[in-house]
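So the sequences go chain by chain: P and E.
Residue numbering for the first sequence is 1 to 264, as defined by my numbering.
Residue numbering for the second sequence is 265 to 528, as defined by my numbering.
Just so it is clear, CB atoms sit at the ideal spot from N, CA and C, and this is done for glycine as well.
Predicted, not measured: the structure shown is a model, and the values here were computed from it.
All remarks here apply to the structure that follows.
2 protein chains.
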Amino acid sequence: MIESPPPPVMPANPPAIVLVRPQLGMNIGAVARAMRNFGLTDLRLGAMRNFGLTDLRLVEPRDGWPNPEAGPSAAGADIVIEQARVFGSLADAIADCTLTIGTAMTTRDMIRRIASPAGAVAEMQALPTTSALVFGPERTGLIREDLLHCHALCTIPSNPEFGSLNLAQAVAVMGYAWVIGHEAPPATWIVNHEGPAAQAELAGLITALETRLAEHGFFNPAPGLADSARRMLKNILTRPAFTGAEVQFLRGVVRSLVQPRGGR
Amino acid sequence: MIESPPPPVMPANPPAIVLVRPQLGMNIGAVARAMRNFGLTDLRLGAMRNFGLTDLRLVEPRDGWPNPEAGPSAAGADIVIEQARVFGSLADAIADCTLTIGTAMTTRDMIRRIASPAGAVAEMQALPTTSALVFGPERTGLIREDLLHCHALCTIPSNPEFGSLNLAQAVAVMGYAWVIGHEAPPATWIVNHEGPAAQAELAGLITALETRLAEHGFFNPAPGLADSARRMLKNILTRPAFTGAEVQFLRGVVRSLVQPRGGR
Numbered sequence: 001m002i003e004s005p006p007p008p009v010m011p012a013n014p015p016a017i018v019l020v021r022p023q024l025g026m027n028i029g030a031v032a033r034a035m036r037n038f039g040l041t042d043l044r045l046g047a048m049r050n051f052g053l054t055d056l057r058l059v060e061p062r063d064g065w066p067n068p069e070a071g072p073s074a075a076g077a078d079i080v081i082e083q084a085r086v087f088g089s090l091a092d093a094i095a096d097c098t099l100t101i102g103t104a105m106t107t108r109d110m111i112r113r114i115a116s117p118a119g120a121v122a123e124m125q126a127l128p129t130t131s132a133l134v135f136g137p138e139r140t141g142l143i144r145e146d147l148l149h150c151h152a153l154c155t156i157p158s159n160p161e162f163g164s165l166n167l168a169q170a171v172a173v174m175g176y177a178w179v180i181g182h183e184a185p186p187a188t189w190i191v192n193h194e195g196p197a198a199q200a201e202l203a204g205l206i207t208a209l210e211t212r213l214a215e216h217g218f219f220n221p222a223p224g225l226a227d228s229a230r231r232m233l234k235n236i237l238t239r240p241a242f243t244g245a246e247v248q249f250l251r252g253v254v255r256s257l258v259q260p261r262g263g264r
Numbered sequence: 265m266i267e268s269p270p271p272p273v274m275p276a277n278p279p280a281i282v283l284v285r286p287q288l289g290m291n292i293g294a295v296a297r298a299m300r301n302f303g304l305t306d307l308r309l310g311a312m313r314n315f316g317l318t319d320l321r322l323v324e325p326r327d328g329w330p331n332p333e334a335g336p337s338a339a340g341a342d343i344v345i346e347q348a349r350v351f352g353s354l355a356d357a358i359a360d361c362t363l364t365i366g367t368a369m370t371t372r373d374m375i376r377r378i379a380s381p382a383g384a385v386a387e388m389q390a391l392p393t394t395s396a397l398v399f400g401p402e403r404t405g406l407i408r409e410d411l412l413h414c415h416a417l418c419t420i421p422s423n424p425e426f427g428s429l430n431l432a433q434a435v436a437v438m439g440y441a442w443v444i445g446h447e448a449p450p451a452t453w454i455v456n457h458e459g460p461a462a463q464a465e466l467a468g469l470i471t472a473l474e475t476r477l478a479e480h481g482f483f484n485p486a487p488g489l490a491d492s493a494r495r496m497l498k499n500i501l502t503r504p505a506f507t508g509a510e511v512q513f514l515r516g517v518v519r520s521l522v523q524p525r526g527g528r
């Protein structure tokens with residue numbers, strides 16, 4: 001007699017779940033519960049196996065961490081709570097991640113690729129490396145400065161007149177999309193693509209370029225516009241999802257450009 | 265400039281969301297929010313249009329109704345809360361529904377068809393009539409007596425070691441499955457099928473048959489087994505999802521059988 005359907009086959013390269021400036025401990029606990037619902041754990045080995053959603057990262061949680069408010073709503077997903085890591089910035093939280101996808105309903109005026117949940121999951125599952133799925137604070141969602149770190153956005157299809165999802169419900173929907181995602185091939189596929197560079201590599205390029213530009217007075221002529229120029233720089237360098245080799249190549253380009261003409 | 269992706273096309277025959285003996289008002293509010301996230305509303309007309317998940321039905325809510333605890337977590341989905349209806353039994357709540365699908369992780373020893381969320385959604389979207397999607401109480405989920413009312417079960421694929429979803433998160437996952445479901449054709453399709461009879465019709469057949477059987481002493485020989493016999497009767501008459509015409513036909517069969525032999 002079959003009592004239940006067979007357990008789902010869990011994909012093996014789950015994304016980190018990154019909560020940016022989460023406000024309520026209760027919601028962090030509910031996120032942990034949803035993650036464990038859609039993550040396969042093997043507690044006999046004393047650690048979670050690397051299937052499903054188990055890697056929780058918190059960026060500047062409003063009420064500090066650990067937060068006792070998270071316990072009840074975690075409803076037993078203690079191991080996710082215990083293994084959660086806290087970071088001082090989104091950049092630090094995603095430093096080891098390659099593909100970074102932010103969940104948001106709007107690009108906030110920037111040119112950005114928008115994926116469906118199934119599309120975002122397909123991209124992440126096509127990579128052998130660690131991806132990051134980033135969620136914003138309850139009240140505002142991700143702001144522009146957060147989105148600048150994201151190669152693409154993911155929008156959960158919802159009522160345009162009432163589209164703001166509860167944080168943990170959004171994680172649950174993405175967890176469900178993650179678990180069912182491997183059943184269907186992605187709609188598009190990039191051939192011969194080892195995936196974007198780790199975010200720390202990309203940040204190194206952007207910092208180096210910004211420093212050189214500042215030295216060359218790039219941000220001086222219109223000081224009031226310096227901030228938007230810096231944002232534009234970050235935006236157009238993040239969106240293409242350059243590979244590690246491409247990032248190194250671009251650093252070489254920058255180094256070359258700032259050398260004296262004809263120099264060696 | 266495209267700021268956001270186009271809104272999803274909402275299917276036009278949404279199921280009723282039926283919460284059986286919900287315990288926490290906070291969860292009922294969170295369910296309402298998830299429903300409105302995945303339901304298109306047009307408040308200018310003073311009423312919700314019949315797209316997405318808007319029809320909330322509560323069976324014996326533990327703390328009564330209305331419940332002020334539901335307001336904050338509804339986060340503005342007041343119209344779902346205000347239009348929610350309360351029923352004294354699951355049978356009453358689904359009397360006008362045809363296809364009834366219960367969300368559960370186990371069939372509780374009964375033979376029942378189990379659908380994935382996508383499969384359940386495909387079946388509901390293939391019918392022009394009102395379906396019911398039934399969710400159990402937070403602590404226990406649907407019990408066997410609830411499942412007897414369901415033509416099929418739906419299991420959200422999840423961690424077999426930690427499969428219990430938060431009630432509102434489960435509704436959110438099904439809401440997401442509902443919104444994306446129309447994009448893909450169902451895996452199987454029943455041709456020439458107008459859908460199951462309304463549950464009240466089926467209940468009429470079961471009651472009539474039980475009454476006749478009792479009159480004929482069917483439940484007497486083994487009084488200790490009478491309950492399981494009644495359960496078996498309900499189970500095997502619910503599972504096939506008989507059409508209205510088939511239910512009427514079966515009532516005719518019962519009437520015929522209880523007449524004196526050779527009678528007219």
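Here Gln-259 of chain P is exposed. Its C-beta has fewer than 16 other C-beta atoms within 10 Å. With respect to Glu-324 of chain E, Arg-285 of chain E sits close: the two C-beta atoms are nearer than 8 angstroms. The residues Pro-381, Ala-382, Ala-384 and Val-385, in chain order, have a CB closer than 8 angstroms to that of Ala-441 of chain E in the same chain once the five nearest residues on each side in sequence are set aside. According to DSSP, residue pairing for Thr-103 of chain P in a beta bridge involves P:Cys-154. Every beta strand (DSSP E) of 3 residues or more that sits fully in the stretch 77-127 of chain P is shown, in chain order, as 85-87, 100-103 and 113-115. In the same chain as Ala-464 of chain E, and ignoring 5 residues on each side of it, the C-beta atoms closer than 6 angstroms to its own belong to Ala-359, in chain order.
Using beta-carbon distances, Gly-76 of chain P counts as an interface residue toward chain E, with a partner under 8 angstroms. Between the alpha carbons of Ala-432 of chain E and Leu-133 of chain P lies a distance of about 21 angstroms.
Per the DSSP secondary-structure output, Ile-17 of chain P pairs in a beta bridge with P:Leu-56 and P:Leu-133. With respect to the 8 angstroms criterion, Ala-357 of chain E and Ala-296 of chain E are not classified as neighbours on the basis of their beta carbons.
Rounded to the nearest angstrom, the gap between the Cα atoms of Val-18 of chain P and Val-86 of chain P is 10 angstroms. Look at the beta carbons and you see the stretch 462-482 of chain E not touching the stretch 372-379 of chain E: under three pairs across the two are nearer than 8 angstroms.
Leu-99 of chain P is a Cβ neighbour of Ser-131 of chain P, given a cutoff of 8 angstroms. Rounded to the nearest angstrom, the Cβ distance from Leu-317 of chain E to Met-299 of chain E is 4 angstroms, consistent with a contact under 8 angstroms. For Leu-466 of chain E, the enclosing alpha helix (DSSP H) covers residues 463-479.
Its Cα nearest to that of Leu-497 of chain E, the residue E:Glu-474 stands out among E:Glu-474, E:Asn-331 and E:Ala-348. At a C-beta separation below 7 angstroms, Gln-169 of chain P has these neighbours in chain E: Ala-298, Ala-432, Gln-433 and Ala-436. Within chain P, the residues Ser-158, Asn-159, Phe-162, Gly-163 and Leu-165 have their CB atoms less than 7 angstroms from the CB of Asn-301 of chain E, given in chain order. Cys-150 of chain P is positioned such that its CB atom lies no closer than 8 angstroms to that of Ile-114 of chain P. The shortest CA-to-CA distance from Gln-23 of chain P to any of P:Gly-64, P:Ala-198, P:Leu-56 and P:Pro-14 is the one to P:Gly-64. Looking only at P:Pro-72, P:Phe-162, P:Ala-197 and P:Pro-157, the smallest Cα-Cα distance to Thr-103 of chain P is reached by P:Pro-157. For Ala-509 of chain E, the secondary structure class from DSSP, reduced to helix, strand or coil, is helix. Contact annotation: Leu-148 of chain P and Arg-57 of chain P have beta-carbon atoms that are not nearer than 8 angstroms. For Ala-464 of chain E, no chain P residue has a C-beta closer than 8 angstroms to its own C-beta; the minimum C-beta separation is roughly 30 angstroms. For the pair Gly-352 of chain E and Phe-162 of chain P, the CB atoms are not nearer than the 8 angstroms cut-off. In the structure shown, Thr-404 of chain E falls within a coil segment according to DSSP collapsed to helix, strand and coil.
For the pair Asn-331 of chain E and Phe-302 of chain E, the Cα-to-Cα distance works out to about 23 angstroms. In the structure shown, Ala-441 of chain E adopts helical secondary structure according to DSSP, grouped into three states. Of E:Thr-370, E:Leu-429, E:Gly-405 and E:Gly-439, the smallest CA-CA separation from Gln-389 of chain E is found for E:Gly-439. Contact annotation for Ala-30 of chain P against chain E: Asn-430 and Gln-433 [CB-CB distance below 8 angstroms, chain order]. Judged by beta-carbon spacing, Pro-196 of chain P lies beyond the 8 angstroms limit of Ala-245 of chain P, meaning their Cβ atoms are not closer than that value.
Around the Cβ of Gly-252 of chain P, a 10 Å sphere holds fewer than 16 other Cβ atoms; the residue is exposed.
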